[in-house]
Amino acid sequence: MRTPDNGFKQALARGETRIGLWLALADAYAAELCAGSGFDWLLIDGEHAPNDLRSILAALQAVAPYPVHPVVRLPHGDPALIKQVLDLGAATLLVPMVETAEQAHTLARAMRYPPAGTRGVGSGVARSSRWTRFPGYLREADDRVCLLVQVESETGLAQLEAIAAVDGVDGVFIGPADLAASMGHLGRPDAPEVRSAIDAAIAAILKAGKAPGILATDPVLARHYLQLGARFVAVGVDTTLLARSTAALAASFVAPPADKPSLEDLRAAFSGRLLTGEDEMEPFLVDWRRRWRGRALAVAQPDTTLDVAAVLSWCNRNRVPVVPQGGNTGLSGGSVPDGSGRAIVLSLTRLSRIRAVDPVNNTITVEAGCTLQQVQEAARAAGRLFPLSLAAEGTCTIGGNLATNAGGVRVLRYGNARELCLGLEAVTPSGEVWDGLRGLRKDNTGYDLRDLYIGSEGTLGVITAAVLKLHPLPAVETAAFIAVPDLEAAVRVLELGQQRLNAELTAFELLSEECLGLVLKHMPALRRPLAEPSPWYVLIGVSSSRAEGQASQSLMDLLEAALERGWVTDATAAQSLGQVKDLWALRENTSEAQAHEGPTIKHDISLPISAIPEFAIGTGEAIASGYPGVRLAVLGHLGDGNLHYNLLPAADRCGPEHAEAFRALEAPINRLVHDAVARFGGSVSAEHGLGVLRRAEAARYKSPVELRLMRTVKDALDPLGLMNPGKLFA
Numbered sequence: 001m002r003t004p005d006n007g008f009k010q011a012l013a014r015g016e017t018r019i020g021l022w023l024a025l026a027d028a029y030a031a032e033l034c035a036g037s038g039f040d041w042l043l044i045d046g047e048h049a050p051n052d053l054r055s056i057l058a059a060l061q062a063v064a065p066y067p068v069h070p071v072v073r074l075p076h077g078d079p080a081l082i083k084q085v086l087d088l089g090a091a092t093l094l095v096p097m098v099e100t101a102e103q104a105h106t107l108a109r110a111m112r113y114p115p116a117g118t119r120g121v122g123s124g125v126a127r128s129s130r131w132t133r134f135p136g137y138l139r140e141a142d143d144r145v146c147l148l149v150q151v152e153s154e155t156g157l158a159q160l161e162a163i164a165a166v167d168g169v170d171g172v173f174i175g176p177a178d179l180a181a182s183m184g185h186l187g188r189p190d191a192p193e194v195r196s197a198i199d200a201a202i203a204a205i206l207k208a209g210k211a212p213g214i215l216a217t218d219p220v221l222a223r224h225y226l227q228l229g230a231r232f233v234a235v236g237v238d239t240t241l242l243a244r245s246t247a248a249l250a251a252s253f254v255a256p257p258a259d260k261p262s263l264e265d266l267r268a269a270f271s272g273r274l275l276t277g278e279d280e281m282e283p284f285l286v287d288w289r290r291r292w293r294g295r296a297l298a299v300a301q302p303d304t305t306l307d308v309a310a311v312l313s314w315c316n317r318n319r320v321p322v323v324p325q326g327g328n329t330g331l332s333g334g335s336v337p338d339g340s341g342r343a344i345v346l347s348l349t350r351l352s353r354i355r356a357v358d359p360v361n362n363t364i365t366v367e368a369g370c371t372l373q374q375v376q377e378a379a380r381a382a383g384r385l386f387p388l389s390l391a392a393e394g395t396c397t398i399g400g401n402l403a404t405n406a407g408g409v410r411v412l413r414y415g416n417a418r419e420l421c422l423g424l425e426a427v428t429p430s431g432e433v434w435d436g437l438r439g440l441r442k443d444n445t446g447y448d449l450r451d452l453y454i455g456s457e458g459t460l461g462v463i464t465a466a467v468l469k470l471h472p473l474p475a476v477e478t479a480a481f482i483a484v485p486d487l488e489a490a491v492r493v494l495e496l497g498q499q500r501l502n503a504e505l506t507a508f509e510l511l512s513e514e515c516l517g518l519v520l521k522h523m524p525a526l527r528r529p530l531a532e533p534s535p536w537y538v539l540i541g542v543s544s545s546r547a548e549g550q551a552s553q554s555l556m557d558l559l560e561a562a563l564e565r566g567w568v569t570d571a572t573a574a575q576s577l578g579q580v581k582d583l584w585a586l587r588e589n590t591s592e593a594q595a596h597e598g599p600t601i602k603h604d605i606s607l608p609i610s611a612i613p614e615f616a617i618g619t620g621e622a623i624a625s626g627y628p629g630v631r632l633a634v635l636g637h638l639g640d641g642n643l644h645y646n647l648l649p650a651a652d653r654c655g656p657e658h659a660e661a662f663r664a665l666e667a668p669i670n671r672l673v674h675d676a677v678a679r680f681g682g683s684v685s686a687e688h689g690l691g692v693l694r695r696a697e698a699a700r701y702k703s704p705v706e707l708r709l710m711r712t713v714k715d716a717l718d719p720l721g722l723m724n725p726g727k728l729f730a
């Protein structure tokens, strides 16, 4: 039998890359488990792990059947120990703390038989020769063994060029931990000075024609060193992987100790406010509709991004959940803590600075606690438009808008919050700050992290600032209110409007007669815009850079064409800015008006626009048949397919004494509505987010693959599951 080749040594000589795993458990069973994981090499650690000659032998035997190469790190470079471990069958050795070329030369000779070296001959009793079953072993061994020397001090770096030049040294491994300590950065191998030294060392080793190696458990650092040319890189340690994964698993199921962490430590960690009294916390623990109420350990109100980082770092260390909160205007319970009282509510309303406005680049950089109205006004002051527009714009915040990917009434022309955002600043669950505030419209340099955070509802981290797109201010904004006989007619008017007005068609908002009637009932200052009631109405918004007369005439031409076709039964167009505001008030007060009618079963659904008429007819008939007396109050952004399909109790059963009975209908009605949405290829959450309200529904309608991918992202970015627990996922 021929002595096996050392494929690891050959790969390094060819300039190939090999990825490895560090074994520190000192257990053959664990070594075999890791051997089948797919790594190129495994490091059996005899320096810091509790290995001896027998446990090293057991590990070598355990991994032998697998396509992975074992590397043994010795505790020191004693030639006698080198001889023993080579005889055990290890072909590649890593020797620590090499600081001179003379030391490296001694090690190289200890790896070889005479006359090239000093290795003692004992092949007859050695596993390395298979007890002389490899008859050519003594002749072939010198070419098969591989010596890696570990340079891990400033002294060693000073001699690196000479060490790497030694014949018989196949690779030079940089020890980042000890190197950092020798440079005065104990425990900080990622310190900039240390990283620079490692970068330079890799270049020097490559220049000498040898293979550089390193241990880097941070994936970002590992990839950085690989890009620089590191040839053998260990990217993990078995003990660390086991400790982290078991801690994360426990944290996802096991409640923390009953003892509360010290809030005084948290108070000292950041410069904002920390609220702990029940009365002062109350507004942050209940949603504005007062449907969800929770408890909290405290409410933190940071003043800066670094404050947010400090709070999240404290929460991460103490395993305390975090519930990010903006204006607390959400409709799905996503910003309210659960009832455990374990969480910190992180209110971002004090991060409210407009950092920069760039009219030339058409961008505005704002902090997450800025209200939507504040951003709109800052844009307008610069002669620009920030087009996101919601009924709650005076109190909702940009951070919340982005976390839920808010839509609003202008999506038809300008898109959702996602389309209006160019860059983000965010804080990770561990307290690291990611600065992605680049106002670029093109940046194709890898994964778009911005899109991960947008729509994540605070489950992956905390958005602290954003670069938002601005648009030119329109010269004219006008509106019309039309009555349509049915939804088929409304869709036809939309299609005609897009043909006639093109991008000037800004909004196309749908209201049922039930919605309009409730607004007029509870807001007596508002007036019915048309003489006769109609089953359905549409509020059309138009904005244009053309002269006012031209834009108004285009709108009138559209209305006349729709009237002639019978798609519109009555219409009125605003003649002044005041009339435009009055028409929009009818739409913007619908939620408040419905709140006066007792409990509401709300649905925030989206559908292909072409499917909306058929959906509405079939679903409306099913509800009328199955739940007599229940009122449908439908409104929505017909222009982008988003309906707020809401149901109210019968007019004579709106009192609190009937609330429980009406709530009992919510689950079966949700199933009816959402099953219909699914049949038409729609979504159960268009713009309000899943929060608590829709998490179970999403789990029912999303595919297992999609749910698994979502959970993988969540686990990767928030391994302890501390960010907004209980939201998004059922």
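Heads up: the sequence shown at position 201 corresponds to 201 in UniProt numbering, and the numbers run straight through without jumps.
C-beta atoms are modelled at their ideal positions from N, C-alpha and C, and glycine is treated no differently.
In this text the structure is predicted, and so the values were computed from the model without any measurement.
In its chain, beyond the 5 residues on either side, 380, 383, 384, 385 have a beta carbon closer than 8 Å to the beta carbon of residue 473. Pairwise C-beta distances place the segment 606-626 out of contact with the segment 571-581, as fewer than three of them are shorter than 8 Å. In the three-state reduction of the DSSP assignment, residue 207 falls in the helix class, which pools H, G and I. For residue 330, the closest C-alpha among the options 429, 405, 721, 666 is that of 405. In this structure, the CA atom of residue 236 is about 9 Å from the CA atom of residue 23. Residue 710 carries a helical assignment under DSSP once its states are collapsed to helix, strand and coil. Counted as a single uninterrupted DSSP element, the alpha helix (DSSP H) harbouring residue 314 occupies residues 305-318. Listed in chain order, the alpha helix (DSSP H) runs fully inside the segment 664-704 are 666-679, 695-701, counting runs of at least 4 residues. With contacts defined by Cβ atoms closer than 9 Å, residue 721 and residue 251 form a contacting pair. Distance between residue 696 and residue 707, taken at the CA atoms: about 12 Å. Distance from the CA atom of residue 713 to the CA atom of residue 455, rounded to whole angstroms, is 13 Å.
The C-beta of residue 617 has fewer than 16 other C-beta atoms within 10 Å across all chains shown, which makes the residue exposed. Secondary structure at residue 331: coil, using DSSP grouped into helix, strand and coil. For residue 56, the enclosing alpha helix (DSSP H) has its first and last residue at 53-63.
Between residue 170 and residue 147 the beta-carbon gap is near 6 Å, inside 8 Å, which marks them as a contact. For residue 642, the uninterrupted beta strand (DSSP E) segment begins and ends at 642-648. In the three-state reduction of the DSSP assignment, residue 22 falls in the strand class. The secondary-structure analysis by DSSP pairs residue 380 with nothing; it has no beta-bridge partner.
Annotated three-state conformation of residue 575 is coil, per DSSP. Judged by beta-carbon spacing, residue 700 lies beyond the 9 Å limit of residue 635, meaning their Cβ atoms are not closer than that value. Beta bridge pairing from DSSP links residue 435 with 425. Separation of residue 123 and residue 19 (C-alpha to C-alpha, rounded to the nearest whole angstrom) is 31 Å.
The Cβ neighbour count for residue 249, taken over all protein chains shown within 10 Å, is under 16; the residue is labelled exposed. Listed in chain order, the non-local C-beta contacts of residue 410 below 8 Å within the same chain comprise 387, 388, 389, 506, 507, 541, local neighbours out to five positions each way being set aside. In the structure shown, the three-state DSSP call for residue 102 is helix. Of the candidates 72, 185, 98, 72 places its Cα closest to the Cα of residue 89. Rounded to the nearest angstrom, the gap between the Cα atoms of residue 450 and residue 417 is 12 Å. Within the model, the alpha-carbon separation for residue 188 versus residue 589 is close to 56 Å. Contact check for residue 436 against residue 211 fails: the beta carbons are separated by 9 Å or more. Comparing alpha-carbon positions, the option among 608, 583, 640, 658 lying closest to residue 599 turns out to be 658. The beta-carbon separation of residue 512 and residue 569, rounded to 15 Å, does not stay under the 8 Å limit for a contact. Secondary-structure assignment with DSSP links residue 601 through a beta bridge to 647. Cβ contact annotation for residue 529 (same chain, cutoff 6 Å, sequence separation greater than five): 481, 572, in chain order. Burial check for residue 128: the Cβ neighbour count within 10 Å reaches 16 or more, so the residue is buried. In this structure, DSSP gives residue 392 a state outside helix and strand, which the three-state scheme calls coil. Taking all protein chains shown into account, residue 603 has 16 or more neighbouring C-beta atoms within 10 Å of its C-beta and is therefore buried.
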